[in-house]
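Below is one structure, written out as structure tokens, with a few remarks after it.
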Amino acid sequence: MNPPAAHNPQFDLICRNAPVMMNLFDRAGILLDVNVRFASELGYEPEAMAGRPLSTFMTPESALRLTDYCLNKLWETGQIEAAPHRLCHKDGSIIDVLMHVNLVTQPSGQQFAIGTMQNITEHIRVEQAEREQRQLAEALRDTSAVLNSTLNFDEVLDRILANVARVVPYDTGIIMLIEGSRARIVRNQRASEPDREIKVPTASFNIASTPTLRWMLENILPLAIPDTREYPDWVDLPQSAWIRSFVGAPIIEDGRVIGYVTLNSGTRNAFTRQHAERLATFAHHAGIAIRNARLFDSTQRYASELEKRVARRTAQLNLERNHLRAILEATGEGIVYAEADHIEYVNQAFTAMMGYTSEELVSQKIDILDPEHQLRDRWQDMRDVFERGETWRDEIRLRRKDGSEFDAGITVSLSSQPGARPVRTVTVVRDISREKQLEAQKARFIATASHELRTPITNILTRLYLMKHQPEKLSEHMQVLDDVSRRMQRLVEDLLDMSRFERGVIRLERERIELQQLLSDVVRVQYAEAQAKDISLKISLTPTPQYVYADSERLAQVITNLITNSLTYTLPGGSVTVGLTTNADDAIISVEDTGIGIDPAYIAHIFEPFVRVNDRVKGTGLGLSIAKEIVELHGGSIGVTSEPGKGSRFTVMLKLLPVLA
């Protein structure tokens, strides 16, 4: 055993009563001495700590890091700078510290380590509190943004539950509305699947016989139940037996409860009173969404009966007009009110869509938006529709202030009696350019996929015909059928992958991955193909291990595709190099070849489905498109640079994981 504390006068003189935590330990991590501050911070007497391993006063994770890494580094480099550790107080509480260690050499040549530790527990607690407040503010800001961007009731409720999950983690979230004596579920979601509604057998609850709902109705306050097993009034139902913690808040409108937002967790003590208070804020937003939805529904009915109601409801006009303006200005679709071909009102969404200000449009003729007179040419069709009491819908091209044009879906409603003068219309305008682009892309996708499938199907039919008339060449025909079938199988699998990406159903199985190992494994598999094509396949890696949080199978699929492409478009005698470098935050994976390169006209479209640099090369044309989807699903990026005749370089960038201390 190393010398006891009493034999270390230097430590006594300098460190005994220092205002920072200090200790002295040997090569094996055994404490030789500690100062008063170190012992008191952990609730011990200095004499009780000397002679014991430093790791015994640490959490298991910190102890493992100390013995497996820190001590080795200390005796190799002579110091440890700002290493975070967690110490265990005698009463079981945890203390976060930053540890600095330096070697001290005695005249005899014997070395000891002197460590100083700074208690940062309160600092971490304050940072955590600030982070939670920031997350709450951001979630509330995003919820308010949703309320201002759409009046779709279901979408708003979905986003409220999704934003709640950012500050109050839960397993399932429910929004209920009160209907008479019952509370009916209008939204039921898992936090892990924010866009998917859960269908449950019990769609509503009797409030009087459900203690949690009754309590919130009577007290108009949020309620948190850390452990449902210890809550005497908790009602166990077969479908909710898994719930161990509950929190709920009433949705209040004009001082009365109109519904509830409730969260459930399968973990005991998942919710606290603080969570209940936060949830109450989101319940307030849910109340606003419900009120907006009801007001919007009322406005829709009101617009079609505007002239009839003016005479009967003059007293209510100002109030309703204010409500109407609030709703119309908040909606995300453009709305134009016109009288006798002159614009009388446009909402903010429409002015943003067209690039004009409201002042530039009001009192102008509608032709300012329709210089080709498309609406005027279709007026007879509109009038026929209006006379039947229906709404006219169509698509036209509108021109913005800057001269650019876009496809618009318009819905025109007559707000005056047919034949009356002046003619009053309400037009709802929606920019459908993106939708039409997606439709065109879908049509091209289907056409190209059909074309890709037609060729192998024709080959199969041809070979089946030849098999009947050339039975002596059965083995040759069977080989061709096998090749064609495998090609069709690859195409169908790629098409299924593309479909899964579009529908967002692919889930990554992420884990901590060492990139050097993954890249080496992929290159090893592709080496035989490179040899067969007389192509040099090389790999260049960073000297130190680099880690990412990724799905190893999907990431290997990306690298394999890039290498296969390079081998395909590289002539014999050429080379393909797989590289790994890093910058401050990212891993940079590159696949560079000396192949035929890519025509500049193809560069912008190289990651689109069915794009091939050379039609003579076999393949589905989906590999790079799938690779791009996988990389972006990981939060990374993929790009390409190329020079025809000299080769191409594909680059994948992924977020690096920090190196474990």
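Per numbering that gives the first Met the number 0, the sequence shown starts with residue 0, numbered consecutively.
Beta carbons are placed, not taken as given, at the ideal position from N, Cα and C, and that holds for glycine.
- Within the DSSP bridge table, the entry for R183 names L176 and S203 as partners.
- Per the Cβ contact rule, the segment 360–368 is in contact with the segment 339–350 (3 or more Cβ pairs under 8 Å).
- Taking a contact to require three or more Cβ pairs closer than 8 Å, the segment 527–536 and the segment 563–574 qualify as touching.
- In terms of Cα proximity to Q545, the closest of L65, R420, A555 and I587 is I587.
- Per DSSP, the continuous beta strand (DSSP E) segment holding Y259 begins and ends at R255 to S264.
- If you draw a straight line from the Cα of E475 to the Cα of V651, it comes to about 42 Å.
- Spanning the alpha carbons of E513 and V547 requires a straight line of approximately 7 Å.
- Three or more pairs of CB atoms, one per stretch, sit closer than 8 Å, so the segment 406–418 contacts the segment 387–396.
- It is roughly 6 Å from the alpha-carbon of V96 to the alpha-carbon of R85.
- One Cα belongs to T457, the other to Y464, and the distance between them is close to 11 Å.
- When secondary structure is reduced to three states using DSSP, D340 falls in the coil class, being assigned neither helix nor strand.
- The segment 93–113 makes contact with the segment 20–31; the number of CB pairs closer than 8 Å reaches 3 or more.
- For F349, the enclosing alpha helix (DSSP H) has its first and last residue at Q347 to M353.
- When secondary structure is reduced to three states using DSSP, Q363 falls in the coil class, being assigned neither helix nor strand.
- Take the alpha-carbon of M352 and the one of D430: they are about 8 Å apart.
- The beta carbon of P45 lies closer than 6 Å to those of V33 and A38 in the same chain, with the five residues before and after it left out.
- Burial state of L623 is buried, judged by a 10 Å Cβ sphere holding 16 or more other Cβ atoms.
- Residue pairing by DSSP leaves N218 without any beta bridge partner.
- The alpha carbon of M487 has as its nearest neighbour, out of E508, F405 and L621, the alpha carbon of L621.
- C-alpha of D67 to C-alpha of L31: approximately 20 Å in a straight line.
- Excluding sequence positions up to five before and after D153, its CB lies within less than 8 Å of the CB of R186, all in the same chain and listed in chain order.
- I629: member of the alpha helix (DSSP H) spanning G622 to L632, first to last residue.
- Residue I558 holds the alpha-carbon nearest to the alpha-carbon of S519 among E508, V630 and I558.
- The beta carbons of G596 and K645 sit closer together than 8 Å.
- The alpha-carbon of M381 is positioned some 52 Å away from that of R133.
- A direct Cα-to-Cα measurement between D90 and G179 gives close to 53 Å.
- Contact between R509 and D550 holds, since their C-beta atoms are separated by about 6 Å, short of 8 Å.
- Counting along the chain, M20 sits inside no alpha helix (DSSP H); it lies in the beta strand (DSSP E) bounded by residues M20 to F24.
- Excluding sequence positions up to five before and after G354, its CB lies within less than 6 Å of the CB of R399, K400 and D401, all in the same chain and listed in chain order.
- A direct Cα-to-Cα measurement between I409 and T424 gives close to 12 Å.
- Sequence-distant partners of E607 (beyond 5 residues in either direction) whose C-beta falls short of 7 Å from its own C-beta, in its chain, are S624.
- Remark: C-beta atoms of V246 and F281 do not approach each other more closely than 8 Å.
- In this structure, the straight-line span from the alpha carbon of A190 to that of V522 is close to 39 Å.
- In the three-state reduction of the DSSP assignment, W391 falls in the strand class.
- Distance from V260 to I250 at the Cβ level is roughly 6 Å; contact confirmed, criterion being Cβ atoms closer than 8 Å.
- In the DSSP assignment, the residues bridged to C87 are I93.
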